[in-house]
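*Asks:*
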């Protein structure tokens, strides 16, 4: 049995992680930490866990926590992981960080977008960006995984084959992304107060969302050249789900079938990426509660653009599910273990 | 491996059943039938099943279907099961009917409430009402299970201990029930057209809902006397979940602790019934996607009434999950198998 | 033109009041106050008011505010009005308090339920409970109006004719009430954080909600005898609307028509109370955005109970709309002025 | 008083139109027609109208209907207006068609996108595209108004100033649009069955939505050159509201202030177009129930693109409200009459 610890178990991602790990056949959760709920029984915070997990939330130095487990999941706001993870800690346990601290390779870009001191930038080179389908080999031997963001997972999986195969103009990429409200986290804020966001829709952080550099970093890698994108997130009144609509100009006039081949080249053996049948487009309901990323696209012949639609569950493939997938790869067990859930519908 | 068949796999209950059975470690689904979608691939109807179940929906005589399986699930509107199930069929396979045809013992009550000819009333005596926690022993040896309705499961589990222990006035029971919209099924109807029921609430079928006689039958059994109830269902703008608020007058002035003992007598070893801590009341979010029924109550000392709150997922404990639980009991395997999911939150 | 002031204009009731008064043909709002947003432009808080109300929120002693207006609306948490309203203030302006401070005639009952010191209990006798349809004559000559709560308006209008006409057993009343989330106010709280209450339903404050004594006071008046009720509020995932389902035992076996006559006796000339046609029950969508209270009932002959359903918009007839109706009566203008909106659907 | 008739009063747009016209101080609705509900009282279909509009729905030849009114509103599926409107009818009354039949000037483009015979193409030249802010002078003298579609109103108002002032590359326009579910109409369809679209999001009609040619026609007019756009509509789980996010490449590097001047040139005196303060972006909640179109934009300096956000209520400015605005202009009364509602929040 894998021994796992969750640091920050009372946010939405941490809670979903605990749900997945508790049901994982080869994993045992040794402790759950929470600064806000220390010494409270978990099931008094999240009633879904009544009779299942009644453990108390603890708070402890991360280095002490590291000693007890094979893998340490960190689900905290950015800046805290970087202040606590170091080489000593990494010599004790594998780390999967669900936050942003180790996602960007370039410390200057981190500084620019996060405006926070990074206290372990010496680990950036070692950290592996844990988008499993694209980084599997590197993940296998890593000690420190930077689990990707929700918008980024969906965006990067959507566009990578097009860039790798040189099918689109790299300067033409626009990503219009839509997220359910759980993506905003569990912290109280008037913007996610029920009556303020229910039955309404908005764009936010225009040309300024922190997932932008993460997307650009990975798309640049795919393109072999610097890619800059316009990225616009939107808030949608529903609990879970991300839908991305990506636009790009095709380099040459081509057909659905030709582009489809590019996607199949990268994803046809990927269990968690589902290329839908031609003419069928992703909807968030069909991935809810699962680790799937559904993808399809349309060639807009009138404008010579491609429109790529992708959907994930932001808390699963966009956070906790991918973290478990990373754990499975890291520890050499079946990558799908504990993740083969059929999406729940209607949910 | 148990061989199972699903007749009526494209309603919400049938679809949820297919999801649960596909994930069940000891079960194999041999076929799925659908009158409306015959010869269509299942995943073109329910996109959550893409790459998982691409089987075609078939249509065939029920007697032919019965031959191929150990257990036949029927998830059809009332009247169809009763026209097709008979002793010959029952000699071939176990039947779990998710519809209403075999729930009422008294054919006159069926006639009165359903106004439909019942074509196999000779089986009513044999049929076992499959509320697992209360009928486990009878289920074990049954051939024909009448899987309870959603409102009824929640209502009966709420009130049975109080009646069995003689704590409440049997004439005083009022059940105010609230259901998410999936309870209304997948048939097109202006009442469940999105913009007609979203952001609104209503009561419906006042003093006339067909779950009433089913509740009364089982509560009468518990009371050892004829029980008549006022039952009012309401439609709530959410996908899944049932919450029942039941009211009754206490025979004697008593305490929370005393009544709690009655509930614990019946449910303390029941995995799927969770008696919540004092002062904590069920919410549908905490059972969503699971087979749990959460229960708690409050003594209103000012009026000497008890208020019992219970919550289930209408498609799981209220339909498909309980059907699987019945299958497990019928076929002598671990009752919890394939049902031990932690409720998904937020969902 | 009536000069009006709003103290506490940035809660949901205050904001709705400002919307109604701004559109009112005979009213001019002289100022809006807000402790939390002092010196902020109103339209930066509530974007619906952009280009319409850009006034700054102010904060000032209530006595100073009173001097400038014909009517002062107070929409604050309980305890603040009672600390500021006094006879001197009432000599300057009419007061309509949307809070709870002057609703209960008996100071001991206030103390018991609110556990807050009441600083102007000498005004309780003078204050008029502003349920317009039932207290119109008293309102006309009042100086201080206690605007009723949302649950209470709906409950009292539902049951008053039955009690006045002696049709029901006064000891048998149970009110099962359901509210949209705006009823919980605009204060941040995990319970109304979007992903915590969306797609879920719960009961709360069982046998302990503060609207209970208010309902009992007014129903006792109607009955001419002390009435005690069981009252259970529920939270429903929608923005606006209250639905109450009230149960009572009929004294005699009677017909729909007979009881209908009782309702018509009290409401047939009341514009804002709509008795629906037989067999048609209130739904919150049909009153949304309006000052209507829709009512209908069913006789459950099997149990000799009556089930009364009523629906209001909690922010209009349940708060700001009724406050405007009170203003109209108080100041002798057409009671319907500024309130004749057709409910908005779908909304 | 203006005499108005509504043909097709039982769709969502027709019903909203009836609500607005009933409340309009200078208008009297002479009749309401409905093929589906002929001889039914209107308030039995739409309960919000109980005690307000109890008229029966009629069905009659359009030419007969035309005789009785000053203005005839047609809110029917495309193809029906074109088969009934003709010069004789236009000699009797003004016509405002909320459908698509007279929106496209070029009959070939109509044929291509609608694949329906157009039976009065001789009227296309005479018909005026009723986007009030941009066509006011032509509307004043028109007999036949083609009321714009919901997506198109929002899109065209967003982009016109940029094209008129030559600020953007005309070939670079992408419009990512999101609509609430009422936009799909009242016809039963599995796609808008509550549990199928609630809590989910999808794109639909990719590169194929019929509002595309309408947007291109008007943007081409603004640009003085042929404009082709990529237009992607999305379905969002909420009742009302449209949000458009439009992207275009700036011809020159410029500032927010410079572009703002272009918008102000066209809209600073337009009551129903609200340019929000810098840094504040439209949200559908702030326009709900009103005729406003809120607009703002962001310059994405990293990619030299502009991102324009706009929001309308699809049933008001996107349909019935704009139709009333057109009526007001046509008949020479105050353009704002009957439309000065403050958006309702939360709703």
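Residue numbers (our numbering), protein chains in the order written: chain S, 35 to 381; chain X, 35 to 381; chain H, 35 to 381; chain P, 35 to 381.
Note that the Cβ used here is the ideal one computed from N, Cα and C, for glycine as well.
Please name the residues in the stretch 341-374 of chain P whose beta-carbon is closer than 7 Å to at least one beta-carbon of chain X, in chain order.
*Replies:* Under the 7 Å Cβ criterion, the stretch 341-374 of chain P contributes no residue.
*Asks:* Please name the residues in the stretch 82-112 of chain H whose beta-carbon is closer than 9 Å to at least one beta-carbon of chain P, in chain order.
*Replies:* Under the 9 Å Cβ criterion, the stretch 82-112 of chain H contributes 82, 83, 84, 85, 86, 87.
*Asks:* Of the residues that make up the stretch 263-281 of chain X, which ones have a beta carbon closer than 8 Å to any beta carbon in chain H?
*Replies:* Under the 8 Å Cβ criterion, the stretch 263-281 of chain X contributes 263, 264, 266, 268, 270, 271, 272, 273, 274, 275, 277, 279, 281.
*Asks:* Anything in chain S within Cβ reach of residue 380(P), meaning under 8 Å, just list it in chain order.
*Replies:* The answer, in chain order, is 229, 230, 232, 233.
*Asks:* Should residue 166(H) and residue 344(H) be called a contact, given that it needs their Cβ atoms to be closer than 8 Å?
*Replies:* Contact flag unset, no.
*Asks:* Return the bridge partner residues of residue 279(P) from the DSSP annotation.
*Replies:* Note: residue 279(P) sits in a beta bridge opposite 210(P), 343(P).
*Asks:* At the 8 Å Cβ level, is residue 300(P) part of the contact set with chain H, yes or no?
*Replies:* No, residue 300(P) lies away from the interface with chain H (no Cβ there is under 8 Å from its Cβ).
*Asks:* From 368(H), 294(H), 372(H), 358(H), pick the residue whose C-alpha is nearest to that of residue 182(H); which is it?
*Replies:* Out of 368(H), 294(H), 372(H), 358(H), 358(H) has the C-alpha closest to the C-alpha of residue 182(H).
*Asks:* Please state whether DSSP places residue 254(P) in a helix, a strand or coil.
*Replies:* It is helical.
*Asks:* Hey, would you say residue 305(H) sits closer than 8 Å to residue 370(H), going by beta carbons?
*Replies:* Yes.
*Asks:* Going by the DSSP bridge assignment, what does residue 266(X) pair with across the sheet?
*Replies:* Its beta-bridge partners are 210(X).
*Asks:* Cβ closer than 9 Å: which chain H residues qualify as neighbours of residue 240(S)?
*Replies:* Chain H residues near residue 240(S): none, gap ~16 Å exceeds 9 Å.
*Asks:* Identify the residues that DSSP records as bridge partners of residue 237(H): which are they?
*Replies:* In DSSP, residue 237(H) forms a bridge with 268(H).
*Asks:* Along the chain, which unbroken stretches of the alpha helix (DSSP H) at least 4 residues long are found entirely within the stretch 148-218 of chain H?
*Replies:* Segments of the alpha helix (DSSP H) lying fully in the stretch 148-218 of chain H: 166-174, 184-198.
*Asks:* Please report how far the alpha carbon of residue 254(X) lies from the alpha carbon of residue 130(H), in whole angstroms.
*Replies:* Roughly 52 Å separates the two Cα atoms.
*Asks:* What is the residue span of the beta strand (DSSP E) that residue 439(P) lies within?
*Replies:* It is not possible to answer for residue 439(P), since the shown part of chain P is limited to 35 through 381.
*Asks:* Given a threshold of 16 other Cβ atoms within 10 Å of its Cβ, counted over all protein chains shown, does residue 323(X) qualify as buried or as exposed?
*Replies:* That one is buried.
*Asks:* Compare the C-beta of residue 72(S) with all C-beta atoms of chain H and state if any pair is closer than 8 Å.
*Replies:* No, because no Cβ of chain H sits closer than 8 Å to the Cβ of residue 72(S).
*Asks:* Give, in chain order, every residue of the stretch 143-164 of chain P whose Cβ lies closer than 8 Å to some Cβ of chain S.
*Replies:* Taking 8 Å as the Cβ-Cβ cut-off against chain S, none of the residues of the stretch 143-164 of chain P qualify.
*Asks:* Which residues in the same chain as residue 285(P) place their Cβ atom closer than 8 Å to its Cβ, once the five residues preceding and following it in sequence are excluded?
*Replies:* These residues qualify, in order along the chain: 200, 201, 202, 203.
*Asks:* For residue 242(P), which of helix, strand or coil comes out of DSSP?
*Replies:* DSSP places residue 242(P) in coil when its eight states are reduced to three.
*Asks:* Looking at the unbroken alpha helix (DSSP H) that takes in residue 29(H), where does it start and where does it end?
*Replies:* A question about residue 29(H) goes unanswered here, because the residues of chain H that appear run from 35 up to 381.
*Asks:* In three-state terms, what does DSSP make of residue 75(S)?
*Replies:* Note: residue 75(S) maps to strand in three-state DSSP.
*Asks:* State yes or no: is the C-beta of residue 354(S) within less than 8 Å of the C-beta of residue 51(S)?
*Replies:* For residue 354(S) and residue 51(S), yes; Cβs fall inside 8 Å.
*Asks:* Strictly below 9 Å CB to CB, what residues from chain S border residue 339(P)?
*Replies:* Going along chain S in sequence order, the residues near residue 339(P) (Cβ under 9 Å) are 208, 241, 264.
*Asks:* Measure the alpha-carbon distance for residue 78(S) versus residue 74(P) and round it to whole angstroms.
*Replies:* Rounded to whole angstroms, residue 78(S) to residue 74(P) spans 53 Å at the Cα level.
*Asks:* Would you check whether the ligand HEM has a heavy atom nearer than 7 Å to the C-beta of residue 225(H)?
*Replies:* This structure lacks the ligand HEM; in fact it carries no ligand of any kind.
*Asks:* Here's the rule: buried if 16 or more other CB atoms are within 10 angstroms of the residue's CB, otherwise exposed. What is residue 332(H)?
*Replies:* With 16 or more other Cβ atoms within 10 Å, it is buried.
*Asks:* Would you call residue 96(P) buried or exposed, if buried means 16 or more other Cβ atoms sit within 10 Å of its Cβ?
*Replies:* So residue 96(P) counts as buried.
*Asks:* Just checking: is the beta-carbon of residue 215(S) within a distance shorter than 8 Å of some beta-carbon in chain H?
*Replies:* Yes, contact with chain H.
*Asks:* So the alpha helix (DSSP H) residue 92(P) belongs to, where does it begin and stop?
*Replies:* Run containing residue 92(P): none; DSSP gives neither H nor E here.
*Asks:* Taking Cβ to Cβ, would you say residue 212(S) is nearer than 8 Å to residue 277(S)?
*Replies:* Cβ distance < 8 Å, so residue 212(S) and residue 277(S) count as in contact.
*Asks:* Residue 383(P) CB to nearest chain X CB: under 8 Å?
*Replies:* Residue 383(P) lies beyond the residue range present for chain P, which begins at 35 and ends at 381; the question has no answer from this structure.
*Asks:* Just to confirm the assignment, what range does the alpha helix (DSSP H) spanning residue 39(P) have?
*Replies:* Unbroken run through residue 39(P) is the beta strand (DSSP E), 36-41; no alpha helix (DSSP H).
*Asks:* Check each residue of the stretch 47-63 of chain P: if its Cβ is closer than 9 Å to any Cβ of chain C, include it; give the result in chain order.
*Replies:* Any reference to chain C falls outside this structure, whose protein chains are S, X, H and P.
*Asks:* Which chain H residues are close to residue 297(X), counting only those with a beta carbon under 8 Å from its beta carbon?
*Replies:* Under the 8 Å cutoff, chain H gives no residues; its nearest Cβ is about 16 Å from residue 297(X).
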